[in-house]
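Chains as they are written, first to last, in my numbering: chain B, 1 to 345; chain V, 346 to 613. Take a look at the structure below.
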Amino acid sequence: MLELRSLSKQLGLFTIADLNLRLNHGEYFVLLGPSGVGKTVLIEMVAGFITPDAGRILCEGQDITNSPPEARDFAVVYQDYALFPHLAVAANIAYGLRARGVQSKQAAARVRALAEKLNIAALLNRRVGGLSGGEQQRVALARALAPRPRLLLLDEPLAAVDIGLRARLRHELRCIHQQTGTTFLHVTHDPDDALYLADRVGVMLEGSIRQVATPQELFRAPSDAAVAEFLGMRNIMTVDSASEGVCQVGRVEIHAALADESTSYVWIKPEEILLSRQPFDSSARNQFRCVVAGWENSGPLLAVRISSGDLTLTALVTYESFSELGIDAGTELYCTFKSSAVHCF
Amino acid sequence: MKRVEGLTHSYRFSWFALILAALGSGVLLLIVAPLAALVLSTSFGELSQAAADAQVIQSIRLTLSAALTATLISTVAGIPLSYVLARKEFFGKTALLAIIDLPIIIPHSAAGIALLTVIGRRSLLGSVTGGLMGSAAGIAVAMAFVSVPFLINAARAGFLAVPERLEKVGRSLGASPWRVFFTVSLPMAWRDIVSGMILMWARGISEFGAVIIIAYHPMTTPVMVFQRFNDYGLAYARSVAVLLIIICVAIFVVVRFLARPTQEAQDA
Chain B
1 MLELRSLSKQ
11 LGLFTIADLN
21 LRLNHGEYFV
31 LLGPSGVGKT
41 VLIEMVAGFI
51 TPDAGRILCE
61 GQDITNSPPE
71 ARDFAVVYQD
81 YALFPHLAVA
91 ANIAYGLRAR
101 GVQSKQAAAR
111 VRALAEKLNI
121 AALLNRRVGG
131 LSGGEQQRVA
141 LARALAPRPR
151 LLLLDEPLAA
161 VDIGLRARLR
171 HELRCIHQQT
181 GTTFLHVTHD
191 PDDALYLADR
201 VGVMLEGSIR
211 QVATPQELFR
221 APSDAAVAEF
231 LGMRNIMTVD
241 SASEGVCQVG
251 RVEIHAALAD
261 ESTSYVWIKP
271 EEILLSRQPF
281 DSSARNQFRC
291 VVAGWENSGP
301 LLAVRISSGD
311 LTLTALVTYE
321 SFSELGIDAG
331 TELYCTFKSS
341 AVHCF
Chain V
346 MKRVEGLTHS
356 YRFSWFALIL
366 AALGSGVLLL
376 IVAPLAALVL
386 STSFGELSQA
396 AADAQVIQSI
406 RLTLSAALTA
416 TLISTVAGIP
426 LSYVLARKEF
436 FGKTALLAII
446 DLPIIIPHSA
456 AGIALLTVIG
466 RRSLLGSVTG
476 GLMGSAAGIA
486 VAMAFVSVPF
496 LINAARAGFL
506 AVPERLEKVG
516 RSLGASPWRV
526 FFTVSLPMAW
536 RDIVSGMILM
546 WARGISEFGA
556 VIIIAYHPMT
566 TPVMVFQRFN
576 DYGLAYARSV
586 AVLLIIICVA
596 IFVVVRFLAR
606 PTQEAQDA
């Protein structure tokens, strides 16, 4: 549906280099990347506000690299929703219809139908000034969808709302996508958005797309350590060699239930690492002597950095265990974790 | 007891508050005292006599209409420039902004002389138009020259306050740059533009230096105040001045009221 071919742009601090991407008809594509990676620049290139330095943008086989925004038939929803403050809700939603020459009567009918679908019919005569975050998002979506665009571009639409509302709006986004069947391109820094919303996810790091996969594939098998770290995986280790059930990381041998010859990285959730003063017998297959390198607050828990030979790991402990174990820099401890806690990719 | 405590608290002596109050009153007095003295020293009889004077009425009408013409034409011509100055970055923009402010800083009699060299009888433009000296058109040009920076700067501030994102959204919804300008940028900047127009009009009405060099006749009211003061003395000048002040204040109050920010604009 949409194809980006070797797209490049240098703009201030942002660099996008040789970016390739292909979107399928009707899919919900989430482009995931940390802030400052140039996601908004990419959205604005696709929308036609920024001209790429090199490369081409194709939509349904047609080259639109140099088409003006109004000729592309795309719609943008921004993080702050960018509603027109001088217009009532109904006039906001009707804007794209009127711009395309739809008669006011037909436009009003379409506005009403959309507003009912999105549950904002009661707001149509209101000004946008007093709307809540959720109402604003629905009005912005209705306005974007009213002219039936070929592609909906969403720039961090959930970043500005608080956590409770975010989950609800996320759910609404998915419902709206399913109802309309429009192709969505949603950029975000939040892996949860990708996990919950995406048909496919692209991970964008340092100006290029590192991996494109379904959310399940992505979280099961990130393409490299940087992608894994961005997805929230911790204690990622590069495996030197691996066989059935065992991985060699430097001079340390780690038991990993699901390891095989193809394993190139392993990671362990910090909360699955046990720390103790003495070694103990248990079903856990991995136990090492280690030294505390440092520690810091991590919300309700403490993150303790430990090193054991070539390994450096972070373990989460409660304040209570922290004082019972007498943890300080240089303290010698044992760390223990099950082979099933070692994730492989 | 409580009341006393409250009182001592709210009246607690503070050098800071005292100095603010003293300096502030000084400035206010500077503005209010001459105006109040002028209005109070003029009797109703003198005022109605001035209002019945055909020459006075003629000059007030000329002053208001010349300033209004200058403002309206400058608004149509100046809005695109203000928009470009708010939205685009280009080489020489800082210099251009400085040029627009020039009429504010140069002495207005000098501005009149400068204008004369362009629109006077012996100038290139003057040889085509027959010269604008001594005409209502010449007066309007002089007023526009000295007052147009107020309009341009206010309109530019208005456009700067319109988030560019809103224009982008409009474009992506299928609107042409023209349509976005007339349905988003202009309506949102309109209040600032109107207050720029009021400022420009006011500045045009009050202009004396540049106008008197372009046209002693037909006589604008500021020129007439000067002429009557010179020829007949304070009392004759005073009633004309008061009449002009009353009319200006009345008009500005009405226009400000019509262009007042609405509740939504304050919310937004």
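Just so you know, even glycine gets a beta-carbon here, dropped at the ideal spot from N, CA and C.
Hey, quick one: how far does the alpha helix (DSSP H) through residue i stretch, first residue to last?
i: A142/B; result: G133 to L145
i: I327/B; result: Per DSSP, I327/B belongs to no alpha helix (DSSP H) and is neither H nor E.
i: I50/B; result: Taken as a continuous stretch (DSSP letters only), I50/B belongs to no alpha helix (DSSP H), as it is neither H nor E.
i: A167/B; result: I163 to T180
i: N66/B; result: Looking at the DSSP string, N66/B is not in any alpha helix (DSSP H), and its letter there is neither H nor E.
i: F361/V; result: W360 to S386
i: K105/B; result: S104 to K117
i: Y95/B; result: V89 to A99
i: H389/V; result: Per the sequence shown, residue 389/V should be read as Phe rather than His. It spans F389 to A397 - the alpha helix (DSSP H) in which F389/V sits, taken as one unbroken run.
For residue i, does the count of other Cβ atoms within 10 angstroms reach 16, so buried, or fall short, so exposed?
i: D612/V; result: Any reading at D612/V must be qualified, since the residue scores a pLDDT of 44, below 50, and its modelled position is unreliable; no value is offered.
i: G330/B; result: exposed
i: D260/B; result: exposed
i: V342/B; result: buried
i: T566/V; result: buried
i: L7/B; result: buried
i: K347/V; result: Low confidence applies here, because K347/V scores a pLDDT of 45, under 50, leaving its location unreliable and the question unanswered by this model.
i: Y428/V; result: buried
i: H453/V; result: buried
i: H171/B; result: exposed
i: H562/V; result: exposed
i: G578/V; result: exposed
i: F527/V; result: exposed
i: A122/B; result: exposed
i: Q137/B; result: buried
i: S517/V; result: buried
i: S404/V; result: buried
i: Y319/B; result: exposed
Of the choices the options, whose alpha-carbon is the least far from that of residue i?
i: E296/B; options: E272/B, R289/B, D328/B and V266/B; result: D328/B
i: T188/B; options: N66/B, V37/B and A256/B; result: V37/B
i: E206/B; options: H25/B, Y28/B, S35/B and N24/B; result: S35/B
i: L153/B; options: G326/B, T214/B and Y78/B; result: Y78/B
i: Q211/B; options: L83/B, Q103/B and L21/B; result: L21/B
i: V377/V; options: V600/V, I590/V, A582/V and R601/V; result: I590/V
i: G503/V; options: I484/V, L531/V, A487/V and K513/V; result: L531/V
i: T15/B; options: T40/B, R5/B and E27/B; result: T40/B
i: V463/V; options: M478/V, I364/V and Q572/V; result: M478/V
i: V401/V; options: F597/V, V585/V and L603/V; result: V585/V
i: G509/V; options: V525/V, L496/V, N498/V and S410/V; result: Here residue 509/V turns out to be Glu, not Gly, going by the sequence shown. Out of V525/V, L496/V, N498/V and S410/V, V525/V has the C-alpha closest to the C-alpha of E509/V.
i: V570/V; options: G476/V, T408/V and P425/V; result: T408/V
i: L385/V; options: L511/V, A580/V, A485/V and L426/V; result: A580/V
i: K513/V; options: V529/V, R601/V and G476/V; result: V529/V
i: L588/V; options: F361/V, A604/V, V598/V and L383/V; result: L383/V
Determine the extent of the beta strand (DSSP E) in which residue i is found, giving its start and end residues.
i: L21/B; result: F14 to L23
i: A315/B; result: L311 to V317
i: A506/V; result: Here A506/V belongs to no beta strand (DSSP E), and DSSP marks it neither H nor E.
i: N125/B; result: Looking at the DSSP string, N125/B is not in any beta strand (DSSP E), and its letter there is neither H nor E.
i: N286/B; result: N286 to S298
i: R305/B; result: L301 to S308
i: T183/B; result: T183 to T188
i: A75/B; result: F74 to V77
i: L155/B; result: Correcting the residue identity first, residue 155/B is Asp in this sequence and not Leu. Counting along the chain, the beta strand (DSSP E) containing D155/B begins and ends at L151 to D155.
i: Y265/B; result: Y265 to I268
i: Y28/B; result: Y28 to L32
i: Y81/B; result: Taken as a continuous stretch (DSSP letters only), Y81/B belongs to no beta strand (DSSP E), as it is neither H nor E.
i: Q10/B; result: L2 to L11
Comparing the CB of residue i with every heavy atom of the ligand ZN, is any distance shorter than 7 Å?
i: G519/V; result: As far as ligands go, the structure on display features none, and thus does not contain the ligand ZN.
Which whole runs of the alpha helix (DSSP H) in the region 512 to 598 of chain V are 4 residues long or more, in chain order? 522 to 525, 531 to 551, 554 to 559 and 566 to 577
4-residue-minimum alpha helix (DSSP H) runs that sit fully inside the region 424 to 473 of chain V, ordered along the chain: 438 to 450 and 453 to 464
Are the region 416 to 426 of chain V and the region 543 to 551 of chain V touching by the rule of at least three beta carbon pairs closer than 8 Å? yes
Just list the beta strand (DSSP E) runs in the region 193 to 230 of chain B, keeping only unbroken ones of 3 residues or longer that don't cross its boundaries, in chain order. 200 to 205 and 208 to 213
With a threshold of 8 Å, are at least 3 pairs of Cβ atoms found where one atom belongs to the region 513 to 527 of chain V and the other to the region 92 to 106 of chain B? yes
Tell me whether the region 104 to 111 of chain B and the region 43 to 58 of chain B touch, counting them as touching only if at least three CB pairs, one residue from each stretch, are closer than 8 Å. no
Could you tell me whether the region 306 to 318 of chain B touches the region 248 to 262 of chain B, where touching means 3 or more Cβ pairs closer than 8 Å? yes
Does the region 554 to 571 of chain V come close enough to the region 455 to 475 of chain V that 3 or more CB-CB pairs lie under 8 Å? yes
For the region 189 to 206 of chain B against the region 25 to 32 of chain B, do three or more pairs of beta-carbon atoms, one drawn from each stretch, fall closer than 8 Å, so that the two count as touching? yes
Three Cβ pairs or more, each shorter than 8 Å: is that satisfied between the region 258 to 272 of chain B and the region 232 to 244 of chain B? yes
Is it true that the region 66 to 86 of chain B meets the region 489 to 497 of chain V, where meeting means three or more beta-carbon pairs spaced less than 8 Å apart? no
Would the region 54 to 61 of chain B count as touching the region 218 to 228 of chain B if we require 3 or more Cβ pairs under 8 Å? no
Three or more C-beta pairs under 8 Å: does that hold for the region 159 to 166 of chain B against the region 127 to 138 of chain B? yes
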